[in-house]
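Okay, so here's the structure we're looking at.
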Amino acid sequence: MVQVLNRFESPEDATNRDNPLVLDGTVEGTAIDAIQGRQITTYLADVSTAASAFALPGFAGTVVKVTTIRGGTIDSGSSTVQPRIEGIAIPGTTINFGAAGPGGETANSPTTGNVFSATDTLEVSTTGGSVGTSPLFILFYVLPDEV
Amino acid sequence: MANNVLNRFERADASGDNALICDGTISGSVLENLETVYLFVYMPDMSTADFVYVFPRFPGTVIGATLVSGEDVTGTAIFTLAVTTTTIAGNSLALTGNAGATDIFVATADNTFTNSEVLRVETDGGSTNVCPAYIIFELEPT
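Line by line, the protein sequences give chains A and B. Residue numbers for the first sequence follow the numbering used here, so the first one is 4 and each next one is one higher. Residue numbers for the second sequence follow the numbering used here, so the first one is 6 and each next one is one higher.
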């Protein structure tokens, strides 16, 4: 008889009620989505200097949300920050940073152009048009393709 | 109920939700994937021989790591990963070329750590201009 991949096994004995739950098959549902979500972080040393920050998750998945927190003060001007997958902008995630103090937060939830493969890099680029050194802390919230 | 098994579906309530209670042992390949932890480390300049660290604060196993360079560089920086000061065995690891260049490390031995040990990334500084490196450790908690 072939054993099913997901199963409850029998309790070990009369006093131990542990019936191991073995999950070797497909598991799905909103609760699993919440558990399997991964936070991939990266760091841009200065949003006011044209550059990119990167991260390589190493698995395939979907970017569900991109959040940023600014770590310094922008005195003037404006920088456009763009999250990307393998160099291609993720629609709906562009952020413009103008004059402001530290601590400003942003959050964007893309719905298209947000799928990445196991060899794709996640990137955040800045045009560097603002004045004032300000690091940027970036978090990609992603759902892996396979649990 | 005292005699309930530890892992079980409970009777559905009015909403139709029959809660899955997991108070017992859970195992399987799916669970291993759910437990995987990714820890990010930032190295400001891989062209200067130096170390960066991260402290998981739980015991586990290093499965692997990914690296990405942040700028175009000349020369090659060679990286070594370690648990505290003991080098983790695996493939060689290096970055060179354009911004966004990648390399992937798969650990093969000396890759377990306790909850009081740090993970270390070392660069030999072999590239020649200032270039950040972005490292992600893939870990499996014990």
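Ideal placement from N, C-alpha and C gives every residue a C-beta, glycine not left out. Only a predicted model underlies this, so the values are computations on that prediction, with no experimental measurement involved.
1) Shorter than 7 Å, the distance from the beta carbon of Gln42 (chain A) to the closest heavy atom of the ligand HEM, or not?
2) Since Asp108 (chain B) sits in a beta bridge, which residues does DSSP pair it with?
3) Should Thr128 (chain B) be labelled buried (16 or more other beta-carbon atoms within 10 Å of its own) or exposed?
4) Met6 (chain B) CB to nearest chain A CB: under 8 Å?
5) Is it buried or exposed for Met6 (chain B), if we count other Cβ within 10 angstroms and need 16 for buried?
6) Check the Cβ of Ile141 (chain B) against every Cβ in chain A and list those closer than 8 Å, keeping chain order.
7) Within this structure, are the beta carbons of Ala17 (chain B) and Asn9 (chain B) separated by less than 8 Å?
8) As an exercise, report each continuous beta strand (DSSP E) stretch of at least 3 residues that is fully enclosed by the region 80-130 of chain A, in chain order.
9) Would you mind telling me which residues of chain B sit closer than 7 Å to Pro14 (chain A), beta carbon to beta carbon, in chain order?
10) What ranges does the alpha helix (DSSP H) occupy inside the region 17-83 of chain B, keeping only unbroken runs of at least 4 residues that lie completely in it?
11) What residues in the region 99-130 of chain A have a beta carbon less than 8 Å from any beta carbon of chain D?
12) Could you confirm whether any beta carbon from chain B is found closer than 8 Å to the beta carbon of Phe11 (chain A)?
13) Got a sec: is the Cβ-Cβ distance from Tyr47 (chain B) to anything in chain A below 8 Å?
14) Under 8 Å between C-beta atoms, does Asp27 (chain A) make it to chain B?
15) Using only alpha-carbon positions, find the residue among B:Val67, B:Phe45 and B:Asp77 that is nearest to Ala106 (chain B).
16) Need the endpoints of the alpha helix (DSSP H) that Ala58 (chain A) sits in, please.
17) By Cβ distance, which residues of its chain are closer than 6 Å to Thr91 (chain B), with the 5 residues on each side in sequence left out?
18) Specify whether the region 49-59 of chain A and the region 25-37 of chain A touch according to this definition: at least 3 beta carbon pairs, one from each stretch, less than 8 Å apart.
19) Straight-line CA distance for Gly131 (chain A) to Thr30 (chain B)?
20) On the criterion of 16 or more Cβ atoms from any shown chain inside 10 Å, does Ser20 (chain B) qualify as buried, or is it exposed?
21) Between the C-alpha atoms of Phe14 (chain B) and Leu24 (chain A), what's the straight-line distance to the nearest angstrom?
22) Strictly below 8 Å CB to CB, what residues from chain B border Val30 (chain A)?
So, from the listed chains and residues:
1) This structure lacks the ligand HEM, and indeed carries no ligand of any kind.
2) B:Leu72
3) buried
4) Because the pLDDT at Met6 (chain B) is just 47, under 50, the model does not fix this residue reliably, and the point stays unresolved.
5) Only weak support is given to the placement of Met6 (chain B): the predicted model assigns it a pLDDT of 47, under 50, and the value that follows is read from those uncertain coordinates. If you draw a 10 Å sphere on the C-beta of Met6 (chain B), you find fewer than 16 other C-beta atoms in it, and that means exposed.
6) Ile43, Ala58, Leu59, Pro60 and Gly61
7) no
8) 82-88, 98-100, 108-111 and 125-129
9) Val10
10) 34-40
11) Here chain D cannot be found, since the structure's protein chains are A and B.
12) Phe11 (chain A) counts as touching chain B.
13) yes
14) yes
15) B:Asp77
16) Ala58 (chain A) -> not in any alpha helix (DSSP H); beta strand (DSSP E) instead, spanning Ala54 to Ala58.
17) Asp115
18) no
19) CA-CA distance, Gly131 (chain A) to Thr30 (chain B), rounds to 52 Å.
20) Burial is judged here by how many other beta carbons sit within 10 angstroms of a residue's own beta carbon; Ser20 (chain B) has fewer than 16 and is exposed.
21) 11 Å
22) Val35
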